[in-house]
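Here UniProt numbering is used: position 15 in the sequence shown is 15, and no number is missing along the way.
All remarks here apply to the structure that follows.
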Amino acid sequence: MAKLTKKQKEAHAKLDSSKSYGLAAASALVKDITNVKFDASVDLAIRLGVDPRKANQMVRGVVTLPHGTGKDVKVLALVTPDKEAEALEAGADYVGLDEYLQKIKGGWTDVDVIITMPSVMGKLGPLGRILGPRGLMPNPKTGTVTMDVAKAVQDVKAGKIDFKVDKTGIIHAAIGKVSFDAKKIEENANELIQTIIKLKPTTAKGTYVKSVFMSSTMSPSIEVEVKAV
């Protein structure tokens, strides 16, 4: 096992791994135990009591974090010419259609979110093998396939994120940066957790939210106290 560095030892010393912390305390602690020289992301890992293999227990959705993610999200708007000005004005970083479809076909995926229109989705189908594994395929359920392109771009830029339970029953999501004050981290985390709670499948039995862990890039994980749901 690799030896812990001095900073890692200091971080672990501040964390009692045998206990769980309230959301406010965890949000303050994650700042205290982060020692990297860059503005690290703060992440939540939420384990759910669902079976993702069953369609009626798949948990996915969108949430607009009240304080944004702290990340400069790069948005590609794949739209027809009549929507290009609207997308640019809303803040899209890349706007166009056929030229970007060709770039993606060649392997270019240097964006965080792709927003498009219903009429364009047919052209994106053949690119599913490239976009799907990277989580970039637009989806009406997440608001990234819409005629209101401007609103979709603005929402994403303002901190709207989509989440989906993975095959092990866990939702991973970035909810801010360690440079945020603790209250903003707490409020962003609470918004995500409450949104997920509202999406509880009627077919899910037993405890729904089994555990919540908060961490930052390269920090130890903090167990967040959750009530049985």
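Glycine included, every Cβ here is placed at the ideal spot set by N, Cα and C.
Keep in mind that this is a model prediction, so the values were computed, not measured.
Item                                                                                                                                                       : Value
Which word fits phenylalanine 38, buried or exposed, when buried means at least 16 other C-beta atoms lie within 10 angstroms of its C-beta?               : exposed
With three or more C-beta pairs closer than 8 Å as the rule, is the segment 107–115 touching the segment 71–82?                                            : yes
Whose C-alpha, out of Val224, Pro138, Gly132, is nearest the C-alpha of glycine 107?                                                                       : Gly132
What's the gap between the Cα of isoleucine 46 and the Cα of lysine 210?                                                                                   : 8 Å
Ignoring anything shorter than 3 residues or poking outside the segment 50–118, list the beta strand (DSSP E) runs there in chain order.                   : 60–64, 75–78, 94–96, 113–116
Near glutamate 187, what residues of its chain come up, given a Cβ to Cβ distance below 6 Å and the 5 sequence neighbours on each side ignored?            : Pro66
Is valine 149 a contact residue of the ligand HEM, with contact defined as CB to any heavy atom under 7 Å?                                                 : Only the bare structure without any ligand can be found here, which leaves the ligand HEM out of the picture.
From glutamine 154 to lysine 19, what distance separates their C-alpha atoms?                                                                              : 40 Å
I want to know whether the segment 125–139 touches the segment 27–43 - three or more CB-CB distances under 8 Å.                                            : no
Within a Cβ cutoff of 6 Å, which residues of the same chain sit near lysine 200, ignoring the five residues on either side of it in sequence?              : Tyr208
With DSSP as the reference, label valine 153 as helix, strand or coil.                                                                                     : helix
Please return the same chain residues whose Cβ sits closer than 8 Å to the Cβ of isoleucine 170, not counting the five positions on each side in sequence. : Ala45, Ile46, Arg47, Leu48
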